[in-house]
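Structure record follows, encoded as C-alpha cells.
Printed below as a string of C-alpha cells:
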C-alpha cells in the first residue's frame, strides 16, 4: 500500500515537473480544454436561468380578460355575475378603463417621453378588464377556462399569462438538447486532443519506456505518469474553464444589471454554480483520463511489439 | 537444480531462418559464463531468451524453475527483475543525471526515499562514479557511461547479470576496467553471463565459454577451473 502511494506520488511529481518544463504547451492544452468546456457550460447556465424564470411564470394562473371598447355598464355587470358563479375561478377583480388610464398617466409622469406621447392621445385607448385567478394550476383546465371566458359576449380577448412562458420553456428544452449534443461532440474532440498530446509525450519518452520495460517495469508502472498527465490536463483545463466562465458571467451580470433595473427585475446569472463547476471538473478529468489511457495503451503495446521484433 | 536451463531451444524470427537451433545447456548459480561467436551467431538472441525479452519458438527455457516460454505476460516484468541487464549501447536516459538514471530500477521495484538514495550511492560507489552523481550521462566518457549502466543494472541487487558486449565499443584500458567490475560482482556470488565477440579479452578467471556458430552451440570449458553442469 505504501509502495503504491509512493509510486503514485513519484509519478505525479514526475508528470508535474515535465509540465513545468513545457509550461507554454501545457497552458495551450489547458486553454483548449478550458474554452471547449466553457462554451456549452455558459449556454447551459443561460438556458437554465431562463428555465427557472419560465418555471416560475408557468405556475402563475392569472387570466387577463379584456373587454370590447364599446362595452356598456350592463354588459360589464352581466360578465361580473357570470364570473362570480364560475366554480373554476378563485378570485377576480375588475379594472375599469378610466382607472387604468389614470394609473398609466400617473406612472408615466416622471418619464418625459412616454408622458408626452400619452399627453398627445385625445382618447383613452385602454379597454375595461377583468383579472382572474383560476382555482386550478393544470394547464388543460386553464386552457378550458380561457376558451370559455373568451366566448362570453362582450369579451375581446382572454390571455393566459403563462402561455408565452410555456412556449419559451419548450424552446428552452430544445436548447438544452442542442447543448447536450454540442457538449458530447466537444467531449469527443477533447478526447482526441488529449489522446494526441499524450501520444506525443510518449514518443518523446520512448527511450525511457523501452528501458523501463526491459528492466522489469509493469505496464501499470509505465502507464501511471501518462494517466496523471491526462488527469492534470483535464483538471487544468477545468480550472481555466471555470475562470473564463466566472469572468464572462461577471461582465454579463454588470450589463444585465443595468437592463434589469429598467425592467425593475432582479434577473442575473449566478456566479457560483457548484453543481455545474463540479460537473465541469469531473467530466474534464474523466475525459483526460480516458484519452490518455487509450493513447498510452496503444503506444505501450506498439513499443513492446517493437522490442520483440528487434 | 540449475539456475538457468535451456532444453532443445529453437528461436526463429518471422521471415528468417532459425537464429538458434536446438540449444541445450545449463548455468549454475555463481558461474561466470561467456557467450562468444561471430556477429549474427545468435549471442544477443540467447541473452534475450534468458532475460525473457524474447520467447523461444520451441523448447524449454527454465529460469529458477520458472518456465520462461510459458510464462504469463503479466508475470514477465517480475521475472525480469531477477536480472541486471547491460547493453552494448548502454541505453542510458540522457534527459536525467546519473543519480536519476540509477534510481529507475529501484522505483520499478517499489523502493523509494532514503533507502533508494542509499542504494544508488552504493552502486555508484562500486563502479567509481560516486563523485559524478549529479553529472549528465552525455558528459561522461564511453567507459564511464558503461560503468553507469552497470550501476543501474546492479542497484536492485539482482542475482544474475546479463551483459551484451559491454566492452564492444571501448578501448582496451576501459574494457579491462569493466571486466574487473564484473569479476568483482562474480566474486560475491552474482551469476554473470556475458556475450562478447572477441574471446581474446576474456578474463583469466573465466570458467566457461558457450561458443555459438550459426545458431549451434559448442561448449568449450577452456579454463582449468571445474564447474558443475
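Residue numbers (the working numbering), protein chains in the order written: chain A, 47 to 356; chain B, 23 to 251. Backbone N, C-alpha and C fix where the C-beta goes; we use that ideal spot for every residue, glycine too.
8 Å Cβ cutoff, residue i in contact with chain B
i, result
"residue 301 of chain A", "no"
"residue 49 of chain A", "yes"
"residue 54 of chain A", "no"
"residue 298 of chain A", "no"
"residue 272 of chain A", "no"
"residue 89 of chain A", "no"
"residue 267 of chain A", "yes"
"residue 341 of chain A", "no"
Element boundaries [beta strand (DSSP E), containing residue i]
i, result
"residue 242 of chain A", "Residue 242 of chain A -> not in any beta strand (DSSP E); alpha helix (DSSP H) instead, spanning 208-250."
"residue 138 of chain A", "135-141"
"residue 105 of chain B", "105-108"
"residue 1 of chain B", "The question about residue 1 of chain B has no answer here: the residues shown for chain B are numbered 23 through 251."
"residue 233 of chain B", "230-235"
"residue 93 of chain B", "Looking at the DSSP string, residue 93 of chain B is not in any beta strand (DSSP E), and its letter there is neither H nor E."
"residue 111 of chain A", "108-113"
"residue 44 of chain B", "40-49"
"residue 214 of chain B", "213-218"
"residue 183 of chain B", "182-186"
"residue 54 of chain B", "54-58"
Selection from the options that minimises the alpha carbon distance to residue i
i, options, result
"residue 146 of chain A", "A:128, A:138 and A:170", "A:170"
"residue 111 of chain B", "A:285, A:347, A:257 and A:238", "A:257"
"residue 203 of chain A", "A:212, A:214, A:175 and A:244", "A:175"
"residue 17 of chain B", "B:121, B:33, B:69 and B:233", "A question about residue 17 of chain B goes unanswered here, because the residues of chain B that appear run from 23 up to 251."
"residue 351 of chain A", "B:41, B:68 and B:77", "B:77"
"residue 106 of chain B", "B:217, B:178, B:219 and B:100", "B:178"
"residue 104 of chain B", "B:114, B:90 and B:138", "B:90"
"residue 98 of chain B", "A:247, A:263, A:72 and A:63", "A:263"
"residue 25 of chain B", "B:87, B:210, B:125 and B:154", "B:87"
"residue 48 of chain B", "B:128, B:153, B:85 and B:174", "B:85"
"residue 44 of chain B", "B:64, B:206, B:190 and B:54", "B:64"
"residue 270 of chain A", "A:53, A:48 and A:47", "A:53"
"residue 39 of chain B", "B:130, B:153, B:62 and B:146", "B:62"
"residue 69 of chain B", "B:102, B:211 and B:130", "B:102"
"residue 151 of chain A", "A:141, A:140, A:142 and A:164", "A:164"
Beta carbon proximity, residue i to chain A, threshold 8 Å
i, result
"residue 251 of chain B", "Confidence at residue 251 of chain B is low in this model, with a pLDDT of 37, below 50, so its placement is unreliable and no value can be given for it."
"residue 37 of chain B", "no"
"residue 56 of chain B", "no"
"residue 248 of chain B", "Note that residue 248 of chain B scores 40 on pLDDT, short of 50, meaning its location in the model is unreliable; the coordinates nonetheless yield the value given after this. No, because no Cβ of chain A sits closer than 8 Å to the Cβ of residue 248 of chain B."
"residue 107 of chain B", "yes"
"residue 169 of chain B", "no"
"residue 213 of chain B", "no"
"residue 218 of chain B", "no"
"residue 103 of chain B", "yes"
"residue 245 of chain B", "Caution applies to residue 245 of chain B, whose pLDDT of 46 falls short of 50 and renders its modelled position unreliable; the value that the coordinates give is listed next. No, no contact with chain A."
"residue 130 of chain B", "yes"
Proximal residues of chain A, C-beta to C-beta of residue i below 8 Å
i, result
"residue 113 of chain B", "253, 256, 257 and 260"
Neighbouring residues, chain A, relative to residue i (Cβ below 7 Å)
i, result
"residue 28 of chain B", "Near residue 28 of chain B there are no residues of chain A at all, since even the closest Cβ is about 19 Å away, more than 7 Å."
"residue 99 of chain B", "262, 263 and 264"
"residue 134 of chain B", "52 and 56"
Contact set between residue i and chain A, taken where Cβ atoms lie within less than 9 Å
i, result
"residue 126 of chain B", "254, 257, 258, 261 and 263"
Limits of the alpha helix (DSSP H) - the one that residue i falls within
i, result
"residue 121 of chain A", "119-131"
"residue 84 of chain B", "Where residue 84 of chain B is concerned, there is no enclosing alpha helix (DSSP H), although the beta strand (DSSP E) it sits in stretches over 80-85."
"residue 176 of chain B", "164-176"
"residue 318 of chain A", "Here residue 318 of chain A belongs to no alpha helix (DSSP H), and DSSP marks it neither H nor E."
"residue 203 of chain B", "194-209"
### Message
For the structure I just gave you, are there three or more beta carbon pairs, one from the region 328-336 of chain A and one from the region 266-279 of chain A, closer than 8 Å?
### Response
The region 328-336 of chain A, when compared against the region 266-279 of chain A, does touch it at the 8 Å Cβ threshold.
(Q) Count Cβ pairs between the region 78-86 of chain B and the region 29-37 of chain B that sit closer than 8 Å; are there 3 or more? (A) For the pair of segments examined, the region 78-86 of chain B was found to touch the region 29-37 of chain B: the number of CB pairs separated by less than 8 Å reaches three.
Report task. Determine contact between the region 200-218 of chain B and the region 167-176 of chain B, defined as no fewer than three beta-carbon pairs at a distance below 8 Å. Result -> Under the three-pair Cβ rule at 8 Å, the region 200-218 of chain B counts as touching the region 167-176 of chain B.
Q) Any chance the region 82-96 of chain A sits against the region 318-327 of chain A, with 3 or more Cβ pairs inside 8 Å? A) The answer is yes - the region 318-327 of chain A touches the region 82-96 of chain A, with three or more Cβ pairs under 8 Å.
At least 3 beta-carbon pairs within less than 8 Å: the region 228-240 of chain B vs the region 42-62 of chain B
Cβ pair count under 8 Å is three or more, so yes.
Exercise for the section: Determine, using beta-carbon pairs with one atom in the region 226-238 of chain A and one in the region 206-216 of chain A, whether at least three such pairs fall under 8 Å. Expected result: These segments do not touch.
Exercise for the section: Inspect the CB distances between the region 294-303 of chain A and the region 136-152 of chain B and report whether three or more fall short of 8 Å. Expected result: Counting C-beta pairs with one atom in each stretch, the region 294-303 of chain A and the region 136-152 of chain B have fewer than three that are closer than 8 Å, which means they do not touch.
Check: So does the region 148-163 of chain B actually touch the region 117-131 of chain B, counting three or more Cβ pairs closer than 8 Å?
Finding: With a cut-off of 8 Å, the region 117-131 of chain B and the region 148-163 of chain B count as touching, because enough Cβ pairs lie within range.
request  = Flag this pair as touching only if the region 133-148 of chain A and the region 181-201 of chain A have three or more C-beta atom pairs under 8 Å; answer yes or no.
outcome  = Flag = yes, the region 133-148 of chain A and the region 181-201 of chain A touch.
Are there three or more Cβ pairs, one per stretch, closer than 8 Å when the region 213-220 of chain B is compared with the region 184-196 of chain B?
-> In short, these stretches touch, since the Cβ pair count reaches three.
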